[in-house]
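K.L.:
For what it's worth, our numbering labels the leading residue of the sequence shown as 16, then goes sequentially. Pasting a structure here, questions to come.
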Amino acid sequence: MTAELVETIESTIQPNDHPYMRGAWRPTFNEWNAIFANGDAEVIGTIPADIDGVYVRTGENQVHDPIGRYHPFDGDGFIHAISFKRGRASYRSRFVRTKGFEAEKEAGRSLWAGLMEPPHKSTRHGWGAQEWLKDSSSTDVTIHAGKIISTFYQCGEAYRLDPFTLEQHGTESWVPLDGISAHCKVDPATGELMFFNYSKHAPYMHYGIVGADNKLKHYIPVPLPGPRLPHDMAFTENYAILNDMPLYWSPELLEKRLHVVQFHPDEKTRFAIIPRHGSPEDIRWFEAEPTYTLHWLNAWEDGDEIILDGYYQEEPMPKSYPNAPEGFERMMAYLDQELLKPRLHRWRFDLVTGETSEERLDDRNLEFGMINQRYAGKRYRYAYSAIPEPGWFLFRGLVKHDLEARTSEQYEFGPGRFGSEAPFAPRIDAKDEDDGYLVSFIADLETDQSECVLIDAKNIAAGPVCRIILPERICAGTHSVWANGDDIGMGENDILAA
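Right, dumping it as structure tokens:
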């Protein structure tokens, strides 16, 4: 390994026993460049020569001592990327230089309170949809028009970075005043990026499309009964799918500027089926059983039906977490996927009758699913889900589903080892849907190291074919993406330059 410490960001965090500032969630402040080759001591196994592209993962990594109680989703966006070409690998890590990050860096302290505190504790205000939170751009990453798009779940700006160097290119000019939510979607067949946002003022939601040329092509209102908290969207070849779920801020308390989430089990879950370039008048609403879903897996068209797969929460509002530190009972409960009980689930929307049918695909607690992105918006066969660690917002393994054969296999990372969402990286010239690798960063709490693992997607139970030890242990993260080198113009110099 050849490694270069590029910059250390000065932190003001004081010693504390916060459950999400230690262990796998302990923040780090170093930005690195590193190159790996087969034969290096840090490479266990063999870096495959039959993949070409980049794995990008984001996460929340707090830099400054928080104002009041800290929630891990308050942390600053920190992106880690590792690219592969001809059996070599190049790793880089950088904080996202958001406006909030730069303002707090200059001030040398936190300026915004987070999710756990009332807005008046902030000394700065945001903009648009996130006027009471810092836009940390820490939730999600996708690749569009050759660049990383980094976004925040509470709606904010879209930050643009080079996928290889992580050079920062500022914010996207096409983002509306209400911002965009995390989990915008890119159709690999057209290059279009579909997005949504939500706010506390009517019509409460919008939907838009950015073309392959990175210009805004379409933007319409999606009227809702009131402020809602959607987190993800899905699409098919001809439709976009948005949702109105019965987990949202209490309207009465919101009038008092108090943001308290409540689940309304007497209300239906509603899905908006929108022709991709349709108008508000074209929206069709379908009703389903009340739940909340953080993440969708995929959707496609089957004759007169649209089929949607995602993670149905059995307990969207769990009881307080037992033995949690005082003041953190609700936070710990909402972060524990074992209490939320997300189950792989299928919804079918009949475009002729307007009826919805539902089907459970797996009774295990699973989340953060990925697929081969070449099948996004189309009929697919294989899904790759993360296995939650009880009590924590951490993942201890992966499950591969064969949705046609209705079989599955799994791999667990091992005691004290926690990974993240694992996107699918296809082999060069792959013919089969599962001909490739799952890629993930893993934190090993026993050795205090992090590594990138590559797992043969055809046989995940066998474990990694390659492990690459990173320069230091990195903080746990959330979402990730894989982009093929040919799709984003990755050249030989990108993998060789430190």
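Ideal placement from N, C-alpha and C gives every residue a C-beta, glycine not left out. In this text, all values refer to a predicted model and were calculated from it rather than measured experimentally.
#1: For E344 and Y222, what's the separation of their Cα atoms in angstroms?
#2: What are the boundary residues of the beta strand (DSSP E) that D501 is part of?
#3: How would you label D281, buried or exposed, when you count the other beta carbons within 10 angstroms and need 16 or more for buried?
#4: Where do the ends of the beta strand (DSSP E) carrying A104 lie?
#5: Smallest Cα separation from E424: which of G434, L413, K162?
#6: Using a Cβ-Cβ cut-off of 7 Å (strictly less than) and excluding sequence neighbours within five positions of A39, which residues of its own chain qualify?
#7: Give the list of continuous beta strand (DSSP E) stretches no shorter than 3 residues that lie fully inside the stretch 245 to 331.
#8: Helix, strand or coil: which one does DSSP assign to D32?
#9: Could you spell out where the alpha helix (DSSP H) holding F383 opens and where it closes?
#10: For the alpha helix (DSSP H) that contains Y349, what are its first and last residues?
#11: Under DSSP, the beta strand (DSSP E) around G478 begins and ends at which residues?
#12: With H, G and I counted as helix, E and B as strand and the rest as coil, what does DSSP make of W142?
#13: The beta strand (DSSP E) with E427 in it runs from where to where?
#14: Does the stretch 350 to 367 come within contact of the stretch 321 to 330, defined as at least 3 CB pairs closer than 8 Å?
#15: Contact between the stretch 222 to 233 and the stretch 176 to 184: three or more CB pairs below 8 Å?
#16: So, are the CB atoms of K215 and L269 less than 8 Å apart?
#17: DSSP three-state label for A513, please.
#18: Span of the beta strand (DSSP E) holding G115?
#19: What's the gap between the Cα of E25 and the Cα of G92?
#20: If distances are taken between C-alpha atoms only, which option among E466, T23, L208 comes closest to V454?
#21: By Cβ distance, which residues of its chain are closer than 8 Å to V156, with the 5 residues on each side in sequence left out?
#22: Select from T180, S151, E302 the residue whose C-alpha is nearest the C-alpha of G194.
#23: Buried or exposed for E419, going by 16 or more other Cβ atoms inside 10 Å?
#24: Would Y174 and M131 be called neighbours here (beta carbons separated by less than 8 Å)?
#25: Exposed or buried, which one is H135 when buried takes at least 16 other CB atoms within 10 Å?
#26: Do three or more CB pairs link the stretch 46 to 61 to the stretch 104 to 112 at distances below 8 Å?
#27: Using 10 angstroms around the beta-carbon of N300, count the other beta-carbons present and answer buried if the total reaches 16, otherwise exposed.
#28: I need the straight-line Cα distance from M332 to C481, nearest angstrom please.
#29: For A513, I'd like the list of residues in its chain whose CB is within less than 7 Å of its CB, leaving aside the five on either flank, ordered along the chain.
#30: Pull up the distance between the alpha-carbon of P266 and that of D259, whole angstroms please.
#31: Taking the beta carbon of Y35 as the centre, do at least 16 other beta carbons fall within 10 Å, making it buried, or is it exposed?
#32: Determine, using beta-carbon pairs with one atom in the stretch 370 to 385 and one in the stretch 304 to 317, whether at least three such pairs fall under 8 Å.
#33: In or out: T368 buried (at least 16 other Cβ within 10 Å) or exposed?
#34: Given that a residue counts as buried once 16 or more other Cβ atoms are within 10 Å of its Cβ, and exposed if not, what is G68?
#35: Expressed to the nearest angstrom, what Euclidean distance is found between the alpha-carbon atoms of M347 and Y336?
P.N.:
With the structure as the only source:
#1: If you draw a straight line from the Cα of E344 to the Cα of Y222, it comes to about 35 Å.
#2: Per DSSP, D501 belongs to no beta strand (DSSP E); it is in the alpha helix (DSSP H), 500 to 503.
#3: exposed
#4: 103 to 110
#5: L413
#6: L409, F433, A458, L460, A491
#7: 254 to 259, 262 to 264, 276 to 278, 284 to 290, 299 to 303, 311 to 317, 320 to 328
#8: coil
#9: Per DSSP, F383 belongs to no alpha helix (DSSP H); it is in the beta strand (DSSP E), 382 to 385.
#10: 344 to 350
#11: It is not in any beta strand (DSSP E) - G478 carries neither H nor E in the DSSP assignment.
#12: With a pLDDT of 45 at W142, under the threshold of 50, the modelled position of that residue is not reliable, and the figure given next carries that caveat. Looking at W142 - three-state DSSP - the assignment turns out to be coil, as it is neither helix nor strand.
#13: 422 to 427
#14: yes
#15: no
#16: yes
#17: Caution is warranted here: a pLDDT of 44 is assigned to A513, below 50, making its placement in the model unreliable, and no coordinate value can be reported.
#18: Counting along the chain, G115 falls outside any beta strand (DSSP E), though it belongs to the alpha helix (DSSP H) covering 114 to 122.
#19: A straight-line Cα-Cα distance of about 15 Å links E25 and G92.
#20: Cα-wise, what sits closest to V454 is E466.
#21: Non-local beta-carbon contacts of V156 in its own chain, meaning distances under 8 Å to residues more than five positions away in sequence, involve V71, R72, T73, I94, I163, I164, S165, T166, H494, S495, V496 in chain order.
#22: S151
#23: exposed
#24: Not in contact: Y174 and M131 (Cβ atoms no closer than 8 Å).
#25: exposed
#26: With the cut-off at 8 Å, the stretch 46 to 61 and the stretch 104 to 112 touch.
#27: A quick correction: the sequence has Trp, not Asn, at residue 300. Answer is exposed; the Cβ neighbour count stays below 16.
#28: Counting only the Cα atoms, C481 lies some 39 Å from M332.
#29: Residue confidence is low: A513 scores 44 on pLDDT, short of 50, so the model does not pin down where it sits. No coordinate-derived value is stated.
#30: 15 Å
#31: buried
#32: yes
#33: exposed
#34: buried
#35: 6 Å
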